[in-house]
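Enquirer: The structure is given below, and queries will be raised subsequently.
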Amino acid sequence: MLFYWAFLFACVCYTVCTMLDIKFIRENKDIVALGAEKKHIKIDLDALIVLDDKRRELLSVIEKKRAEQNEVSQKIVRSPEPNYKAQMITEMQTLKADLQKEEEELKKVMHDWQMLMVAVPNIPDMSVPEGVDDADNKEVKVWGDIPQFDFTPKSHIDLMTNLGMLDLDRGTKVAGFRGYFLTGAGAELQFALWQFVTDFFRNKGGFTPMIVPSLVRREPFMGTGYLPQGEEDLYKTQDDEYLSGTAEVATMGFYMDETVDKKDLPIKMISFSPAFRREAGSHGKDTRGIIRVHEFYKFEQVVLCEASHTESVKYHEELTANAEELMQALKLPYHVVVNCGGDLGLGQVKKYDIEAWLPSEKTYRETHSSSYFHDFQTRRLNIRYRDDDGKLKFVHSLNNTALSGRPLIMIVENYQNADGSIRVPDVLQPYMGGKTIITKK
RNA sequence: GGAGGAGUGGCAGAGCGGUCGAAUGCACCAGUCUUGAAAACUGGAGUCCGGGCAACUGGACCGUGAGUUCGAAUCUCACCUCCUCCGCCA
Numbered sequence: 096m097l098f099y100w101a102f103l104f105a106c107v108c109y110t111v112c113t114m115l116d117i118k119f120i121r122e123n124k125d126i127v128a129l130g131a132e133k134k135h136i137k138i139d140l141d142a143l144i145v146l147d148d149k150r151r152e153l154l155s156v157i158e159k160k161r162a163e164q165n166e167v168s169q170k171i172v173r174s175p176e177p178n179y180k181a182q183m184i185t186e187m188q189t190l191k192a193d194l195q196k197e198e199e200e201l202k203k204v205m206h207d208w209q210m211l212m213v214a215v216p217n218i219p220d221m222s223v224p225e226g227v228d229d230a231d232n233k234e235v236k237v238w239g240d241i242p243q244f245d246f247t248p249k250s251h252i253d254l255m256t257n258l259g260m261l262d263l264d265r266g267t268k269v270a271g272f273r274g275y276f277l278t279g280a281g282a283e284l285q286f287a288l289w290q291f292v293t294d295f296f297r298n299k300g301g302f303t304p305m306i307v308p309s310l311v312r313r314e315p316f317m318g319t320g321y322l323p324q325g326e327e328d329l330y331k332t333q334d335d336e337y338l339s340g341t342a343e344v345a346t347m348g349f350y351m352d353e354t355v356d357k358k359d360l361p362i363k364m365i366s367f368s369p370a371f372r373r374e375a376g377s378h379g380k381d382t383r384g385i386i387r388v389h390e391f392y393k394f395e396q397v398v399l400c401e402a403s404h405t406e407s408v409k410y411h412e413e414l415t416a417n418a419e420e421l422m423q424a425l426k427l428p429y430h431v432v433v434n435c436g437g438d439l440g441l442g443q444v445k446k447y448d449i450e451a452w453l454p455s456e457k458t459y460r461e462t463h464s465s466s467y468f469h470d471f472q473t474r475r476l477n478i479r480y481r482d483d484d485g486k487l488k489f490v491h492s493l494n495n496t497a498l499s500g501r502p503l504i505m506i507v508e509n510y511q512n513a514d515g516s517i518r519v520p521d522v523l524q525p526y527m528g529g530k531t532i533i534t535k536k
């Protein structure tokens with residue numbers, strides 16, 4: 096209970112003392128440790144603090160020597176006396192030798208220090224439930240009726256293959272494991288969804304549409320928290336770039352190392368890009384169909400806002416609501432879960448997953464993932480704004496899927512008829528030339 | 001792929017071994033003048049880390065990282081980015 100008060104305090108002072116810099120970690124070790132524990136992430140904070148003591152000590156010694164060096168340097172310049180000059184230079188040579196030793200030591204310390212620092216997770220919100228993995232996520236909302244079929248519903252694989260919408264055999268032939276082609280009405284339906292989403296955000300207003308790179312340098316991955324921990328799940332090129340698994344990475348990189356104008360906040364972006372995932376940790380999972388693929392297209396909502404917990408929460412709810420609105424327009428039954436501590440990423444404070452009903456599996460499967468980070472990402476990416484008090488602050492960042500590859504699957508399965516045809520959702524019909532049903536030719 | 005050139009403060013642009021955190025101009029902020037504004041004049045102002053209640057003070061930062069030197073924006077090397085020309089390709 097005491098910890099919860101400490102927790103609350105941490106949240107309150109959040110906007111004042113920016114978080115997860117070393118100062119915050121030192122002053123709030125227990126809260127950080129508790130947060131890591133909730134996320135089931137192992138981190139040795141005591142080792143970090145010992146190392147930080149060492150770092151501070153070395154820094155102080157080095158800075159004193161450098162001050163002396165600077166001072167004597169000035170004397171050397173001004174002194175008209177050659178002998179005195181030579182003597183001082185000799186003294187400085189000795190000082191320099193010491194300095195180099197200490198700098199070498201500091202370098203080593205800094206290396207280890209940085210390794211530990213990037214591994215310190217952000218603190219989850221109080222409202223995040225305890226738990227180890229996605230099985231412990233808590234359902235917070237259910238929308239729509241699960242369809243009752245008077246026949247045995249088919250999987251998207253059978254439905255789409257039969258209707259010439261999907262070609263997995265040739266997908267594998269051409270692209271290898273988890274490869275696929277969307278063909279005919281399959282491609283058309285996907286295009287329709289993209290158009291629908293584009294129009295949805297245009298009508299909503301405030302979101303800048305973006306088409307962003309997938310081939311991205313290391314820095315934005317470090318900044319967003321996908322590296323160094325997620326190396327395994329990323330494709331890497333021979334030029335040391337990575338293929339990103341979400342438009343979030345490049346979109347967050349857009350303002351990297353920049354100071355944005357406070358009057359432009361919040362900055363809302365709706366980004367489109369291909370997404371690549373090695374699925375290194377999911378070898379046996381979802382091997383049939385296109386639930387889990389190495390390559391798909393994605394619209395991502397990204398928001399940068401003022402450094403305020405209240406603002407973050409407000410936009411988090413908004414981004415989640417946007418995604419729900421899309422699902423409701425498509426009339427896809429879904430539920431929302433709040434992710435438990437163990438299912439949160441390193442930088443995430445809180446996350447909602449939206450999961451839509453998949454008849455062939457008789458379960459909900461994830462279609463959207465909505466999370467906020469406070470300044471975890473922007474601190475690493477160095478994205479700041481000048482506040483009214485004249486101080487530079489790190490903005491807060493958050494993101495949520497708008498459309499991944501999966502809703503297509505949910506549509507196909509939920510809208511299927513007994514004869515294997517598929518009704519086209521009302522809102523998509525205008526984008527399909529008025530087509531109301533997809534049937535076999 | 002080949003040959004050259006360049007990266008300095010919000011912007012433009014000097015500096016090319018010490019007196020440089022950095023001239024100058026523009027932009028910015030405050031003040032003087034003015035009924036008000038403009039102009040003119042005067043002054044101020046970078047970021048990060050540390051010490052101090054504070055005034056203030058120490059260190060770092062001239063694309064990035066190493067090196068030479070008592071001392072580097074300035075010299076050397078590597079890398080990154082941008083520009084120009086040739087070639088190739090959409």
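To convert, take the position in the first sequence, counting from 1, and add 95; that gives my numbering.
Glycine is no exception: its CB is placed at the ideal position from the N, C-alpha and C atoms.
(1) How is I218 classed by DSSP in three states: helix, strand or coil?
(2) Rounded C-beta distance between T256 and V307? I'm assuming under 8 Å.
(3) According to DSSP, simplified to helix, strand and coil, what is L523?
(4) Given a threshold of 16 other Cβ atoms within 10 Å of its Cβ, counted over all protein chains shown, does V111 qualify as buried or as exposed?
(5) Confirm, please, whether the CB-CB distance from K236 to P224 is below 8 Å.
(6) Per DSSP, N494 forms a beta bridge with which residues?
(7) To the nearest angstrom, how far is it from the Cα of H463 to the Cα of W452?
(8) Does DSSP classify H574 as helix, strand or coil?
(9) Counting C-beta neighbours from all protein chains within 10 Å, is the total for D262 16 or more, i.e. buried, or is it exposed?
(10) Reducing DSSP to helix, strand and coil, say where Y321 ends up.
(11) What's the C-alpha gap between I517 and D240?
(12) Alpha carbons only, please: which of Q164, R313 and R372 is nearest the one belonging to T189?
(13) By a C-beta neighbour count over all protein chains shown, 10 Å radius and 16 as the cutoff for buried, is F272 buried or exposed?
(14) Could you pull the start and end residues of the alpha helix (DSSP H) that E283 belongs to?
(15) What did DSSP end up calling T110 once you bin it into helix, strand or coil?
(16) In this structure, does DSSP put V533 in helix, strand or coil?
(17) Rounded to whole angstroms, what is the Cα-Cα separation between I504 and Q443?
(18) Is L487 near the ligand FMN, in the sense that its beta carbon is under 7 Å from a heavy atom of that ligand?
(19) State the DSSP-derived secondary structure class of R83, mapped to helix, strand or coil.
(20) By the 10 Å Cβ neighbour count, where 16 or more other Cβ atoms means buried, how is Q182 classified, buried or exposed?
(21) At what residues does the beta strand (DSSP E) containing V507 begin and finish?
(22) Kindly identify the DSSP beta-bridge partner or partners of T303.
(23) Excluding the 5 residues preceding and the 5 following V355 in the sequence, name in chain order all residues of the same chain whose CB lies nearer than 8 Å to its CB.
(24) What residues in its chain sit with their C-beta under 7 Å from that of A214, if we drop five residues either side in the sequence?
Expert: Looking at the atomic coordinates:
(1) DSSP places I218 in coil when its eight states are reduced to three.
(2) Not really, about 32 Å apart at Cβ, beyond 8 Å.
(3) Here L523 carries a helix assignment [DSSP, helix/strand/coil].
(4) With a pLDDT of 34 at V111, under the threshold of 50, the modelled position of this residue cannot be trusted, and the question is left open.
(5) Taking 8 Å as the Cβ cut-off, P224 and K236 do not qualify as a contacting pair.
(6) In DSSP, N494 forms a bridge with V397 and S466.
(7) Rounded to whole angstroms, H463 to W452 spans 13 Å at the Cα level.
(8) Any property of residue 574 remains undetermined from this structure, which presents the chain solely from 96 to 536.
(9) Flag for D262 reads buried.
(10) Reduced to three states, the DSSP call for Y321 is coil.
(11) Answer to the nearest angstrom: the Cα atoms are 18 Å apart.
(12) Cα-wise, what sits closest to T189 is Q164.
(13) Exposure of F272 is indicated by the presence of fewer than 16 other C-beta atoms within 10 angstroms of its C-beta.
(14) Segment A280 to K299, the alpha helix (DSSP H) holding E283.
(15) Because T110 sits at a pLDDT of 32, beneath the cut-off of 50, its placement in the model cannot be relied upon, and the point is left open.
(16) The sequence shown places Ile at residue 533, not Val. Residue state, collapsed to three classes: strand.
(17) Here the alpha carbons of Q443 and I504 stand approximately 28 Å from one another.
(18) Among the components of this structure there are no ligands whatsoever, and the ligand FMN is therefore not found.
(19) There is simply no residue 83 to check, as the chain begins at 96 and stops at 536 in what is shown.
(20) Within a 10 Å sphere around the beta-carbon of Q182 sit fewer than 16 other beta-carbons, which makes this residue exposed.
(21) Judged by DSSP secondary structure, V507 falls outside any beta strand (DSSP E) and instead within the alpha helix (DSSP H) spanning R501 to N509.
(22) Beta-bridge pairing links T303 to M364.
(23) Excluding residues within five positions, the ones whose Cβ falls inside 8 Å are I362, L399, I478, R479, Y480 and V490.
(24) In its chain, beyond the 5 residues on either side, I138 have a beta carbon closer than 7 Å to the beta carbon of A214.
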